[in-house]
Amino acid sequence: MTNINFIKIQVQTSDKNIEATLKLLSEDCTIPFISRYRKDQTGNLDEVVIENIAKLSKQYDEIVKRKESILKTIEEQGQLSPELKSKIANSFDLQEIEDLYLPYKKKKKTRADVARENGLEPLAKIIFSQKNEDVDFISTQYINDKVKNEDEALQGARDIIAEWINENIFIRKNLRRLFQRKAIVSTKVVKKKQDEDDAQKFKQYFDWAEPISKAPSHRLLAMLRAENEGFIKLNVDIENEEAIDFIENEIIKSNNDTTEHIELAIKDSYRRLLEPAISNETLQEFKAKADKTAIDVFANNLGQLLLAPPLGEKRILAIDPGFRSGCKIVCLDEKGDLLYNETIYPHQPQNESAMAMKKIRSIVNAYNIEAISIGNGTASRETEFFIKKIAFDKPVQVFIVSEAGASVYSASKIAREEFPKYDVTVRGSVSIGRRLSDPLAELVKIDPKSIGVGQYQHDVDQTKLKEELDSTVIRCVNSVGVNINTASKHLLSYVSGIGEKLAENIVQYRTENGAFEDRKQLKKVPRLGEKAFQQGVAFIRIKDGKNPLDNSAVHPEAYPIVEKMAKDLGLKTNDLIANKEKISQIKLENYITPEIGILGLKDIIKELEKPGLDPRKSAKIFEFDPTVTTIKNVRTGMVLPGIVNNITAFGCFVDIGIKESGLVHISQLKAGFVSDVNEVVKLHQHVQVKVVEVDEDRKRIQLTMVL
C-alpha cells in the first residue's frame, strides 16, 4: 500500500490532490500557505483536510518504520518465514502488526518459557493436537529433574497452550470487538478515602457502571481522574463466560482426554493473559477517543476566543478591579502602549469613591480615552456600577472583559520583557485593556491552558493537546493577518513560515530601521530567506505603505497579475482596489498562469473588493442584569442576560455577571436532541437564560436556554 492509498482511506479527495499536497509539504510549505495560495494545485482543500493529510502521512511513515524494525528483529532471531514476512509487509493495521510480532517480542520470562526450558513443548503439542491420546500416561514420559510429577508436566503444557491462545491473532481481534461492543466500565470507592473533602467532587463515581461505548468523554475522563487521585478503583470487563465460550468454540475441535486440559488452558489464558491485555487496550482506546473529543472542544473554544470581536485601535482605560487592594488602572494608546497607571480605592474598606470619580474623569479627558475595559473578577460589577455613575464630558464605551489568564501573563517572562519597570498588577491591567482592543494579539502571549476554556485539559494526551492548540493559534493568526509594524514578536512567531527566531529578528529590524514601508523590506531581515518570505509575506499587513496591495491578502507573486488587470482596464492599481464596478468587468480566464488558476484568481478578486478586511466582527457592549451582583441575588425562575464563556461536550457555561458561571446542560439548550453544543451556541454569544436551580453552598447554578 502506498502512502497515497493509505491517506485516501480516510480523506475523501483525489489521488492528484493528495499527491500535490504531499509535494508541497515536502517542500516545507506551511499549511496556511498551501490552503490559501495553492488552491489550484490541491483542488481547494481547506486547512483541516491538509492538516489531516500531513498527520496521516506521518502516521504512514511511522507504521513503515515500525514494520522495518519488527522484520529486522524477527529476522535476527532466525524465525522470519516468507509467510510471516508477507503478512507483516502487507498489513497497515498497527494493532495487527503488533499481534504478529507478539510471539517474538522480548519480554520477561513467562510460565510458558519455563515450561519450554523444562522440555514440555512436545507434550503441549500433543495435547493441542486434540487426538484421542492417553494424556496422563504420556505425561509420565516428561518427568525429569525439574518436573517432579505428572501434574507439573500437564500444568507446564497448559501454560504453553495458554500462551499460544494468547498469541492467536484471530482470537485477539474478535475479543477486541467483543470488548468494544459490550465492555462495562465500573468503579468502586476506596473506603479509606471516601470521606476526604477532595473526594466529594467524585461522589457520583463511588459506585458506578455503564457501557464504556456509551460513556461520554467528560465522564470517562472524570472517572480516570478520580482513579489517578486514588479515590476509586476502575475496571473494564465483559461477561467472562461469553468470552471463554467464544475461545472454546474457536479452539476445541474434539471431545476426548485432551479436552479437559485445553479448557483449563483457555480459562487460564483468558483470565491471566487476554482479559487484562484486551481490557487495558479497550480502556486506552476509549481514553484516546475521549481525549480527542476534549481536545477538539478545547481547540474549538480557543479558536472562537482568539477570533472574538476586537474593539480596534482605540485609546483605552483598563481596570483590574479589587476591594481592599484597590482598582489598578492603566491608560493605553491606540497601539496598546502604556501611557499612565494609578490605583484608586472606590470600594470598601476605603470607600474613596468621590476622589476616585474625580481621578477617572480627569484621566479620561487628559488621555482622550474612548473606551473603558473592566476585568470580570472580584469587584467587577461594583466597579462597573461605579464607572457608569461618572458624568463624562463625552461618550465613553464601557466593556466587561474576561481576565482569565491575565495573572499568568503578568508574572510571565513575556510580560517582564515588555514592562520591566512595572509590577504584576500593572501588567495584568494592561492585558485586560489590550484584550479588548485586539483579543488575538494579546491572548497568543498566554498558555491556552490558562485561559479557562478547556475541558479536563490536564488529563488528556499533552502532546496531542499542544499540537492541536498550536495549530489552532496558527490558523487564527493567519486567517486575520498581522500588522507587522505593531505586532509583538509573540504574535509574529505564529505567522506562516516565520517562527520565534525570525519574529525576534523582525522586531529588532523594526526597532533599528523604523516602520516597514513595503513587504519587500522583509527580505532585509537577517536570516529571513526566500522560503520564509514566500510562506509568510502575504499574512503580514502594512498600513499606509508604498504599495496598497501590501495591506491585503494578495500574495506578492500575484502583484503582476493585479497590475495587468488594472492596466487592461486603463487604471492604476490604486484605482482598481475597492472599485467593484471595474472589478466586475475582469474576465478571470485571461489571467490564468501556470502557478495561479481560477481558484487563486477568485481569491484575488475577493481581496481586491475588500482589501485587508478583518474577518472578525466588532466588539459590542453587553449589559448584565443590574440587580444581580452575587449568587445570593440569583433566584429560581429568573430570566437573565448572559454571555457564553465556555463550551464543553455536556453543555455550556454562561456568565450572568457574577463570579460563578451557570451551566446550561446540553439537554437544556433547545427543544429536541442536540449532538453538538457548537451547533446551538458559540463562545461570547449573547444569550437569555432562565435559572432552574441554585446551590449556594456548592456555588452551582443550573440554567436553561430561553429561545
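Reminder that position 314 of the sequence shown reads as 301 in the working numbering, one-by-one numbering, no gaps. Even for Gly, the Cβ is constructed at its ideal location relative to N, Cα and C. From a predicted model like this one, the values you see are computed outputs, not experimental measurements.
Strand pairing of residue 580, partner residues [DSSP]: In the DSSP output, where bridge partners are listed per residue, residue 580 has none listed.
Local conformation of residue 24 per DSSP, three classes: For residue 24, the secondary structure class from DSSP, reduced to helix, strand or coil, is helix.
The alpha helix (DSSP H) enclosing residue 360, as first and last residue numbers: Element bounds for residue 360: not the alpha helix (DSSP H) but the beta strand (DSSP E), 358 to 362.
DSSP-derived helix/strand/coil call for residue 267: In this structure, residue 267 counts as helix in the three-state DSSP scheme.
Beta-carbon proximity list for residue 484, same chain, < 6 Å, skipping 5 on both sides: Cβ within range, chain order: 17, 519, 522 and 523.
Contacting residues, own chain, Cβ-Cβ under 8 Å from residue 347 (five flanking each side not counted): Closer than 8 Å at Cβ, skipping near neighbours: 304, 316, 331, 374 and 377.
Beta strand (DSSP E) runs wholly inside the region 400 to 467, at least 3 long, in chain order: Within the region 400 to 467, no complete beta strand (DSSP E) run reaches 3 residues.
Where residue 560 falls: helix, strand or coil (DSSP): When secondary structure is reduced to three states using DSSP, residue 560 falls in the helix class.
Contact under 8 Å by Cβ, residue 43 with residue -2: For residue 43 and residue -2, yes; Cβs fall inside 8 Å.
Rounded separation between residue 465 and residue 680 - CA only: Each residue's alpha carbon lies about 43 Å from the other.
Beta-carbon contacts of residue 298 that lie in its chain and below 7 Å, excluding the five residues immediately before and after: In chain order, 358, 423, 424 and 606 place their CB closer than 7 Å to the CB of residue 298, counting only its own chain and leaving out the 5 sequence neighbours on each side.
Residue 480, buried or exposed, once every other Cβ within 10 Å from all chains shown has been counted against 16: Counting the other CB atoms within 10 Å of its CB gives residue 480 a total of 16 or more, which places it among the buried residues.
3-residue-minimum beta strand (DSSP E) runs that sit fully inside the region 140 to 212, ordered along the chain: Here the runs fully enclosed are 171 to 176 and 194 to 198.
Inter-residue Cα distance where the pair is residue 441 and residue 632: The alpha-carbon atoms of residue 441 and residue 632 are separated by roughly 11 Å.
Cβ neighbour criterion (16 or more within 10 Å) applied to residue 81: Residue 81 should be labelled exposed.
Three-state secondary structure assigned by DSSP to residue 655: In the structure shown, residue 655 adopts helical secondary structure according to DSSP, grouped into three states.
Same chain, Cβ closer than 8 Å to residue 394, neighbours up to 5 away in sequence not counted: The residues are 411 and 415.
Continuous alpha helix (DSSP H) stretch holding residue 386: start and end: That residue, residue 386, is in no alpha helix (DSSP H); its beta strand (DSSP E) goes 384 to 388.
Among 689, 636, 665 and 568, nearest to residue 650 - alpha-carbon criterion: Residue 689 is the option with its Cα nearest to residue 650.
Cβ separation of residue 334 and residue 369, assumed to be a contact under 8 Å, to the nearest whole Å: Cβ atoms of residue 334 and residue 369 come within 8 Å of each other, at about 6 Å.
Length of the line joining the Cα atoms of residue 191 and residue 164: Cα to Cα, residue 191 sits roughly 29 Å from residue 164.
Start and end residues, beta strand (DSSP E) containing residue 330: From DSSP, the beta strand (DSSP E) with residue 330 extends over 325 to 331.
Cβ-based neighbour list, residue 20, same chain, cut-off 6 Å, excluding 5 preceding and 5 following: The residues 483 and 522, in chain order, have a CB closer than 6 Å to that of residue 20 in the same chain once the five nearest residues on each side in sequence are set aside.
Which residues DSSP lists as bridging residue 680, in chain order: According to the DSSP secondary-structure assignment, residue 680 is paired through a beta bridge with 689.
Alpha helix (DSSP H) segments (min. 4 residues) lying fully within the region 475 to 557: Given a length threshold of 4 residues, each whole run of the alpha helix (DSSP H) inside the region 475 to 557 is given here in chain order: 476 to 479, 486 to 500, 517 to 523 and 546 to 555.
Bridge partner(s) assigned by DSSP for residue 640: BP columns for residue 640 point to 633 and 650.
For residue 317, the first and last residue of its enclosing beta strand (DSSP E): Judged by DSSP secondary structure, residue 317 falls within the beta strand (DSSP E) whose first and last residues are 314 to 319.
Contact check, residue 686 vs residue 583, beta carbons under 8 Å: Judged by beta-carbon spacing, residue 583 lies beyond the 8 Å limit of residue 686, meaning their Cβ atoms are not closer than that value.
Residue of 458, 504, 79 and 553 minimising C-alpha distance to residue 529: The shortest Cα separation from residue 529 among 458, 504, 79 and 553 belongs to 504.
Boundaries of the beta strand (DSSP E) in which residue 305 is found, first to last residue: Counting along the chain, the beta strand (DSSP E) containing residue 305 begins and ends at 303 to 307.
Extent of the continuous beta strand (DSSP E) to which residue 219 belongs: It spans 219 to 224 - the beta strand (DSSP E) in which residue 219 sits, taken as one unbroken run.
Extent of the continuous alpha helix (DSSP H) to which residue 696 belongs: Coverage of the chain is limited to positions -12 through 694, which leaves residue 696 absent and any answer about it impossible.
Segment contact, 8 Å Cβ cut-off, at least three pairs: the region 135 to 142 with the region 225 to 241: Taking 8 Å as the limit for Cβ pairs, the verdict is that the region 225 to 241 does not touch the region 135 to 142.
First through last residue of the alpha helix (DSSP H) which encompasses residue 44: For residue 44, the enclosing alpha helix (DSSP H) has its first and last residue at 34 to 63.
Cutoff 8 Å; reference residue 549; Cβ partners in own chain excluding five residues on either side: Around residue 549, the same chain offers 536, 541, 560, 563, 591 and 595 as residues with beta carbons nearer than 8 Å, after the five sequence neighbours per side are excluded.
Within 8 Å, strictly: CB atoms of residue 471 and residue 493: Yes, they are a contact pair.
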